[in-house]
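Undergrad: The structure under discussion is supplied below as structure tokens; questions concerning it will follow.
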Amino acid sequence: MKVFDSTNTDVYFNLAMEEYLFKNNRDSAYLLLWKNDNSIVLGKHQNIFEEINLKAVEQAGIPVARRNTGGGTVFHDVNNLNYSFISNQGDAFADYDQFLGPVIAALNKMGIPATKRRTSDIAIGEQKISGSAQTVKKGRVLHHGTLLYDSDLSLLKNLLKTSAGKITSKSVKSVRSDVTNIKKHLTDQTMSLETFKNKFLVTLFPDGVEKVSLTEQDIEAVEALVNEKYSRWEWNYGQSPKFSFEKAAAILNMKGREIHLTVKLEINKGSIAKGEVSVDGLENTELIEILTGVRYGYNEILHHLEGSEFAKDNELMADCLTDCFI
Amino acid sequence: MKKNIQMPKLSEQMETGVLAAWNKEAGDVVKKGEVLFEIETEKVVSEVESMESGVLKEVFFEAGDEIKVDDIIAVIDCD
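Here the protein sequences line up with chains A and B, keeping their order. The first sequence lines up with residues 472 to 797 when you count with my numbering. The second sequence lines up with residues 310 to 388 when you count with my numbering.
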């Protein structure tokens, strides 16, 4: 086992590093430790539009990243420690215990009363401190998990889905859990995450372990993967399963007149494929013509509706109109 | 020659799997070893590769469907 302790806190870099080490050097086993700046990380088969509040996330400028493993959406910040085991496991499938066992044992030795919960979670009492997920390919497994050390979870609240619109799809849904931070349960309330991480490593490997870092060549390959895949709209948004969106809304124009809109959209590969809009009960093709082919997102839709004849004729603010589509 | 592709049994306990994503569409040319589709079960993503080269003729399920082990998912017309 070789340990990589990533000093990079870019979510796209860290996810690309994982994939790179999973797919290359296939005879080696690794433990990666990494932290991300504020970011939202989705499961591989999730519908991003169903999980996040698009407008709030776009306005906050928080990066959203799709990972290579299953499961739901997680908020990350620098006080959440992520670990990834990459190893060869032969024919075993969905074997969480081989990884969760040592992690829980190490936490217990450090005085943290952590226990396994459900298939892939670690909890203190009824509150979750860690979730994990896997991807497997040809006998090689990537198992990764979060360790909530001292995360500010309040940031998450307005970034998750709250739209009044109804989304229908066959995507993998997130399951909300009651969570807690590990630090709250330590006797030493001054312990930094760095100290916690070092103690965790020593407890996990009492006989020592080889620490390695990425070579310049590795970093180049990882950065190429960031540019080709992880930082791209096509991967993070465009990979979402197709879905339909429905919303009925009443908005006020600049003269105070109430206008009723009902919107139905079909979104495929992240872009608006077709839809129906009615305005005050009458079918309107103008808005759908403007939006067909447009990437589904608050700023994109706003950009296309601003200056539209429809907004002008009805004396509507473009942002009010955009809210009907999100 | 036509060959059926079934939902694989990936573990002892597995009874169903979710076909989470298609990497090929009906009508596509498929090479042996290429990823046909992905399964997600218990938060584990698993890529299923084609054992044959040929053309993906018919597809009976769409992404997001939960499928019983051994059910026929697609048919490949082998080279």
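Yeah, the Cβ is synthetic: ideal placement off N, Cα and C, and Gly gets one too.
For a contact meaning CB atoms closer than 8 angstroms, what does A:F444 contact in chain B?
TA: No answer is possible for residue 444 of chain A: it lies beyond the span of chain A, which begins at 472 and ends at 797.
Undergrad: If you run the structure through DSSP and keep just helix, strand and coil, what is A:S642?
TA: Counting from one through the first sequence, the residue named residue 642 of chain A turns up at place 171. If DSSP states are grouped into helix, strand and coil, A:S642 belongs with coil.
Undergrad: Could you tell me whether the Cβ of A:K608 comes closer than 7 angstroms to any Cβ of chain B?
TA: Residue 608 of chain A sits at position 137 when you count from the first residue of the first sequence. Chain B contact via Cβ: present.
Undergrad: Quick check: the Cα distance between B:A329 and B:Q315, rounded to an integer number of angstroms?
TA: The count along the second sequence starts at 1 and reaches residue 329 of chain B at position 20. The count along the second sequence starts at 1 and reaches residue 315 of chain B at position 6. For B:A329 and B:Q315, the distance between alpha carbons rounds to 15 angstroms.
Undergrad: Between A:N652 and A:S622, how many whole angstroms is the CB-CB distance? I'm expecting something under 8 angstroms.
TA: By one-based count along the first sequence, residue 652 of chain A stands at place 181. By one-based count along the first sequence, residue 622 of chain A stands at place 151. A:N652 to A:S622, Cβ: 6 angstroms. Contact.
Undergrad: Could you confirm whether any beta carbon from chain B is found closer than 7 angstroms to the beta carbon of A:K632?
TA: Indexing the first sequence from 1 puts residue 632 of chain A at position 161. No, no contact with chain B.
Undergrad: Would you say B:A335 reaches chain E, if we count a Cβ-Cβ gap shorter than 7 angstroms as a contact?
TA: Of the protein chains in this structure, namely A and B, none is chain E.
Undergrad: Is there contact here, the region 729-749 of chain A with the region 758-768 of chain A, by at least three beta-carbon pairs under 8 angstroms?
TA: Yes, the region 729-749 of chain A is in contact with the region 758-768 of chain A.
Undergrad: Where does A:S622 sit, in a helix, a strand or coil, going by DSSP?
TA: The residue labelled residue 622 of chain A in the question sits at position 151 within the first sequence. Coil at A:S622, not helix or strand.
Undergrad: State the Cα-Cα distance for the pair B:G373 and A:T480, rounded to the nearest angstrom.
TA: For this step, residue 373 of chain B is matched to residue 64 along the second sequence. For this step, residue 480 of chain A is matched to residue 9 along the first sequence. Cα-Cα distance, rounded: 33 angstroms.
Undergrad: Identify the contact partners of B:D374 in chain A, using a Cβ-Cβ distance below 8 angstroms as the criterion.
TA: On the second sequence, residue 374 of chain B is found 65 positions in, with the first residue counted as 1. Chain A residues near B:D374: K641.
Undergrad: Any idea what DSSP makes of A:V693, helix, strand or coil?
TA: Taking the first residue of the first sequence as 1, we reach residue 693 of chain A at position 222. Helix, per DSSP.
Undergrad: For the alpha helix (DSSP H) containing A:G572, name the first residue and the last one.
TA: The count along the first sequence starts at 1 and reaches residue 572 of chain A at position 101. Element bounds for A:G572: D568 to K580.
Undergrad: Do B:K333 and B:I385 have their CB atoms nearer than 7 angstroms?
TA: Counted from its first residue, the second sequence places residue 333 of chain B at position 24. Counted from its first residue, the second sequence places residue 385 of chain B at position 76. Not a contact, by the Cβ cut-off of 7 angstroms.
Undergrad: Give a yes or no on whether 7 angstroms exceeds the smallest Cβ distance from B:A383 to chain A.
TA: Taking the first residue of the second sequence as 1, we reach residue 383 of chain B at position 74. Chain A contact via Cβ: absent.
Undergrad: Just confirm the distance between the C-beta atoms of B:V339 and B:L365, as a whole number of angstroms; I'd bet it's less than 8 angstroms.
TA: Indexing the second sequence from 1 puts residue 339 of chain B at position 30. Indexing the second sequence from 1 puts residue 365 of chain B at position 56. The Cβ separation is near 5 angstroms, so the contact holds.
Undergrad: Check each candidate in B:E347, B:G336 and B:K318 and name the one with the smallest Cα separation from B:S362.
TA: Sequence index remark: in the second sequence, residue 362 of chain B carries index 53 (1-based). Ranking B:E347, B:G336 and B:K318 by Cα distance to B:S362 puts B:G336 first.
Undergrad: State whether the region 636-644 of chain A contacts the region 511-523 of chain A, with contact taken as three or more CB pairs (one from each stretch) at a distance under 8 angstroms.
TA: With a cut-off of 8 angstroms, the region 511-523 of chain A and the region 636-644 of chain A count as touching, because enough Cβ pairs lie within range.
Undergrad: Can you name the residues of chain B whose CB is closer than 8 angstroms to the CB of A:T540?
TA: Here residue 540 of chain A corresponds to residue number 69 of the first sequence, with the count starting at 1. The contacting residues are K352, V353 and V354.
Undergrad: Among A:M725, A:L753, A:E754 and A:G752, which one has its Cα closest to the Cα of A:L792?
TA: Indexing the first sequence from 1 puts residue 792 of chain A at position 321. For the residues A:M725, A:L753, A:E754 and A:G752, the minimum Cα distance to A:L792 belongs to A:M725.
Undergrad: Please check the pair A:V697 and A:A500, which I expect to be a contact at CB under 8 angstroms, by giving their CB distance rounded to whole angstroms.
TA: Looking up residue 697 of chain A in the first sequence gives position 226. Looking up residue 500 of chain A in the first sequence gives position 29. About 24 angstroms; that fails the 8 angstroms criterion.
Undergrad: So is B:E349 in contact with chain A if we call contact Cβ pairs under 7 angstroms?
TA: Translated into the one-based positions of the second sequence, residue 349 of chain B becomes position 40. Yes, its Cβ sits closer than 7 angstroms to a Cβ of chain A.
Undergrad: Between the region 515-531 of chain A and chain B, which residues of the former have CB atoms less than 9 angstroms from a CB of the latter, in chain order?
TA: The residues in question are K515 and H516.
Undergrad: Contact criterion: CB-CB distance below 7 angstroms. Does A:S591 meet it with respect to chain B?
TA: Indexing the first sequence from 1 puts residue 591 of chain A at position 120. So, interface residue.
Undergrad: According to DSSP, what are the bridge partners of A:K526?
TA: Residue mapping note: residue 526 of chain A aligns to position 55 of the first sequence, counting from 1. Answer is none; A:K526 lacks a bridge partner.
Undergrad: Against chain B, does A:Q420 count as a neighbour if the rule is that its beta carbon must be under 7 angstroms from one of theirs?
TA: Since the first residue of chain A shown is 472 and the last is 797, residue 420 of chain A is not available in this structure.
Undergrad: Tell me the DSSP bridge mates of A:Q598?
TA: Here residue 598 of chain A refers to the residue found at position 127 of the first sequence. DSSP lists A:I595 as partners of A:Q598.
Undergrad: Please check if any C-beta of chain B sits within less than 7 angstroms of the C-beta of A:Q660.
TA: Position 189 of the first sequence, counting from 1, holds the residue named residue 660 of chain A. It does not: the Cβ of A:Q660 has no partner Cβ on chain B nearer than 7 angstroms.
Undergrad: Am I right that A:L618 and A:N551 are in contact with their C-beta atoms under 8 angstroms? What's the rounded C-beta distance?
TA: Here residue 618 of chain A is taken as the residue at index 147 of the first sequence, counted from 1. Here residue 551 of chain A is taken as the residue at index 80 of the first sequence, counted from 1. 7 angstroms between Cβ atoms; contact.
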